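J.: Going by the numbering used here, 58 is the number at position 51 of the sequence shown; the sequence numbering is gapless.
Beta carbons are placed, not taken as given, at the ideal position from N, Cα and C, and that holds for glycine.
No experiment lies behind these values; they were computed from the predicted model shown.
Next up is a structure, given as structure tokens.
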Amino acid sequence: MMTIFEISIGIGAGLLAGMINTMAGNGSALTLAVLLEFFGLPAHMANGTNRIGVLAQTSASVMSFKREGRLDVQNNVPLILLPVLGAFLGIYLAVIISADGFVTIYKYLLVVMLLVILVNPRRWMKKNEGTNSSKWFWPMYFILGVYGGFIQMGMGIFSLAVFVLLGNKDLISANVLKSLIIAIFTIAAVLIFAWKGMVHWGYGLTLAIGQMTGGWFTAQFASRNSKAGTVAYYLLIVCILGAIYSVFFR
């Protein structure tokens, strides 16, 4: 039985994570920290439990983006299907092997990602889309799907980087696609992790309440505010710096 204090911490952390995930990414760094350090779940349980909140938040974000007329599925079918297929492979790997190796790689990739984002800020904050000119776009997004299915943490940041820097999407359009893709493959992730007994429903649903609320209202802000791309860019930098501090200095 969860205490009022535990419920409050879960909802509060979920609310903040939902806002961060919708505008930028890496909210899972916060929710995983709460699950591991505050609630004391083992790593494999935290990885599975975290997906409940992710599913709630991304679903709420997608519905809100659709309501605001920002969801364009028809013209982005290949961009949606490829990472979803990769995610199924990642989910399978998460069930059979440890996530420790990926976590080690992840913390160094965060440093690389910070440098990439700081190199060309105008490209991140652009308002118009271009064409998918990079030959690395398609293989990178399949690999990204594998990563997201495996561990989720950092999926938002890396998917935005691929969409914006390789796919020439503006940051808000990239956020819409990111939310939709993660929502689709997380349905499968929750079912598989639950089947394997890797989900704590009490903690997961508590985080989900906060994440769904944060995702919904933040998506509306992103759709209506002309400065949302700039806000998302600086929030992205803060999220990465926070994650780097967490994995290297704590």
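Considering only their Cβ atoms, is the gap separating S253 from I179 smaller than 9 Å?
T.: Within the sequence shown, numbered from 1, the residue matching residue 179 stands at position 172. Within the sequence shown, numbered from 1, the residue matching residue 253 stands at position 246. Taking 9 Å as the Cβ cut-off, I179 and S253 do not qualify as a contacting pair.
J.: Under three-state DSSP, which class holds I160?
T.: Counted from its first residue, the sequence shown places residue 160 at position 153. Sequence check: residue 160 is Met here, not Ile. Coil, per DSSP.
J.: Taking C-beta to C-beta, are G221 and L23 nearer than 9 Å?
T.: Residue 221 sits at position 214 when you count from the first residue of the sequence shown. Residue 23 sits at position 16 when you count from the first residue of the sequence shown. Yes.
J.: Run the CB neighbour count on V171, radius 10 Å, all protein chains shown included, and call it buried at 16 or more, exposed below.
T.: Locating residue 171 in the sequence shown gives position 164, where the first residue counts as 1. Classification for V171: buried.
J.: Using only alpha-carbon positions, find the residue among L62, A168 and A63 that is nearest to I247.
T.: Counting from one through the sequence shown, the residue named residue 247 turns up at place 240. Checked all of L62, A168 and A63; the closest Cα to I247 is A168.
J.: By how many angstroms is the C-alpha of T65 removed from the C-alpha of I158?
T.: Taking the sequence shown and counting its residues from 1, the one referred to as residue 158 is at position 151. Taking the sequence shown and counting its residues from 1, the one referred to as residue 65 is at position 58. The straight-line gap from Cα to Cα measures roughly 16 Å.
J.: What's the C-alpha gap between I59 and G211?
T.: As a working note, residue 59 is residue 52 in the sequence shown. As a working note, residue 211 is residue 204 in the sequence shown. Straight-line Cα distance between these residues: approximately 5 Å.
J.: Cβ of S186 within 9 Å of Cβ of F95?
T.: In the sequence shown, counting from the first residue as 1, residue 186 sits at position 179. In the sequence shown, counting from the first residue as 1, residue 95 sits at position 88. The beta carbons of S186 and F95 sit no closer together than 9 Å.
J.: Can the beta-carbon of G156 be found closer than 9 Å to that of G93?
T.: As a position in the sequence shown, residue 156 is number 149, starting the count at 1. As a position in the sequence shown, residue 93 is number 86, starting the count at 1. Yes, these two residues count as a Cβ contact at 9 Å.
J.: Please identify the residue among G25, L39 and F46 whose C-alpha is closest to the C-alpha of T10.
T.: The residue labelled residue 10 in the question sits at position 3 within the sequence shown. For T10, the closest C-alpha among the options G25, L39 and F46 is that of F46.
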